[in-house]
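Engineer: One structure coming up, written as structure tokens, with questions to follow.
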Amino acid sequence: MRKRLIAFLKRHPKILRAFWAIAGWCLRVIGRFVRVREKTAIFASFGGRNFDDSPKAVYEQMRADERFKDWKLYWAFVEPSKFDIPCGEKVKIDTWKFFKTLMFCQVWVGNSSITRGVDLYPKKKQVRVETWHGTPLKKIGGDENTNSMAVKKKKPKKKKDFRTLRCAQSAYDREIFMRIYNADESAFLTCDLPRNDALKKYTDEDIRQVKEKLGVPQDKKIILYMPTYREYAYDNDKKICLKPPMDVEKWQAALSKDYCLLVRAHYMVESAMDLKENEFLKVVSSYPYLNDLYAVADILISDYSSAFIDYSILNRPMLCFAYDKEEYEKKRGLYIDLEKELPCLVRKTEEEVIGDIVHLDYAAASEKTDAFRRKYAPNAGRASQVVVERILKRIEEMKA
């Protein structure tokens, strides 16, 4: 019944907006009668699908901080039985218990809409932390080149929101989020993303263990390919019909002596690519820890993804394989000029990309990446601590 209702709402955007409005009104009314409990926090990652990313980094920082030893921590999951958490209570997302927990928790931490698209806002004694899940190179929200009513949702009224803290990596994404959220600059912590704190902490032994888990040779360099999902690329049967124009055998012939290729893609893109694993190629789309993949990768290849910014923290070479750049700019839109901003050439054919890898000057490419990082991710390293300190400060301010 629930799945049929969700499918129906997705097919009828006007009804979906009405549902959002009515559900939000009902929950706000009920919420007035639910008392906020001190020293409670709820976390959700990617709509309850994962136990990872920046919400987990903030959660771990809280657990390690003596000031939170008496706190009750909750995690919201689509399927709670799939996850083991070291401390706290699990709740099933999109249930009455979940929304009630939101109503009484003093702190909310999420990397996408923790309120599930419903217009439910933190109350007077609550703090919401929105870490987001990447700096946008491609257009998002109301900026997208789309007529989707779900995307072009009505902007909130601009006001100083002292109950919401939003993470940004730099002035670049802060300005975008200020416009998308119609938010005041005072709501932002320009501290990078908490999930990235761990990137520079990997040891040689950590990398050896990750390679062992992935089943790749210890003596090979790693190429990580992360193509962006194209939400417009479907055929009449709703199957994805646009896939990267790459012949894996050609890559293997040119690169397998020195490299292994890891591919991480949306599951529908992966299916369309029909990848067959071998000694050279490993599909890592379902591997749970993205930071592990960044840590072992010697080169990142992507196109329009925020992965460029996160990976730049490691000061390693990056390549851009944007084979459909003109179409993507027209149908989705980009905030930046790739040719001017990325620390690499923008390539449209696999032959060009392979050639760039074969003739790569690692040191020179790494220097270009570092210059890119200084603009887009200058504050990486202690975002979790910054967020936790600001949460405590905000709680004290609300008591005054």
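Numbering (our numbering), first residue to last: 589 to 988.
Beta carbons: idealized from backbone N, C-alpha and C, even for Gly.
Give a yes or no on whether the C-beta atoms belonging to Pro782 and Ser972 are separated by under 8 Å.
Structural biologist: For Pro782 and Ser972, yes; Cβs fall inside 8 Å.
Engineer: Got a sec, what are the start and stop residues for the alpha helix (DSSP H) Leu843 sits in?
Structural biologist: Taken as a continuous stretch (DSSP letters only), the alpha helix (DSSP H) holding Leu843 covers 836-843.
Engineer: Is it right to say Gly943 is buried, meaning 16 or more other beta carbons lie within 10 angstroms of its own, or is it exposed?
Structural biologist: Classification of Gly943: exposed, given that the 10 Å Cβ count is below 16.
Engineer: Use the C-beta contact count for Arg920: other C-beta atoms within 10 angstroms, 16 or more gives buried, fewer gives exposed.
Structural biologist: Arg920 should be labelled buried.
Engineer: So, helix, strand or coil for Trp659, using DSSP?
Structural biologist: Three-state DSSP puts Trp659 in coil, outside helix and strand.
Engineer: Apart from the five residues just before and just after Glu773, which ones in its own chain have a Cβ nearer than 8 Å to its Cβ?
Structural biologist: Within the same chain, Glu773 has close Cβ partners Arg762, Met766.
Engineer: Going by CA-CA distance only, name the one from Trp659, Ile673, Lys713, Arg592 that's closest to Gly619.
Structural biologist: That would be Lys713, whose Cα lies nearest to the Cα of Gly619.
Engineer: Per DSSP, Met906 is paired with what?
Structural biologist: Met906 is bridged to Leu888.
Engineer: Could you pull the start and end residues of the alpha helix (DSSP H) that Gln649 belongs to?
Structural biologist: From DSSP, the alpha helix (DSSP H) with Gln649 extends over 641-652.
Engineer: Rounded to the nearest angstrom, how far is the Cβ of Trp659 from that of Ala629, given a contact under 8 Å?
Structural biologist: With a Cβ gap of about 6 Å, Trp659 and Ala629 count as contacting.
Engineer: Starting from Asn879, follow its DSSP beta bridges and name the residues at the other end.
Structural biologist: Looking at the DSSP assignment, Asn879 forms no beta bridge with any residue, so it has no partner.
Engineer: Going by DSSP, name the residue or residues bridged to Trp696.
Structural biologist: For Trp696, which the question treats as bridged, DSSP gives the partners Ile630, Arg716.
Engineer: From what residue to what residue does the alpha helix (DSSP H) around Tyr760 run?
Structural biologist: It spans 759-769 - the alpha helix (DSSP H) in which Tyr760 sits, taken as one unbroken run.
Engineer: So what does Arg754 bridge to, in DSSP terms?
Structural biologist: Arg754 pairs with Glu718, Phe776.
Engineer: Helix, strand or coil for Lys956? Go by DSSP, reduced to three states.
Structural biologist: It is helical.
Engineer: Starting from Lys809 and walking both ways along the beta strand (DSSP E), at which residues does that stretch end?
Structural biologist: Note, Lys809: beta strand (DSSP E), 809-813.
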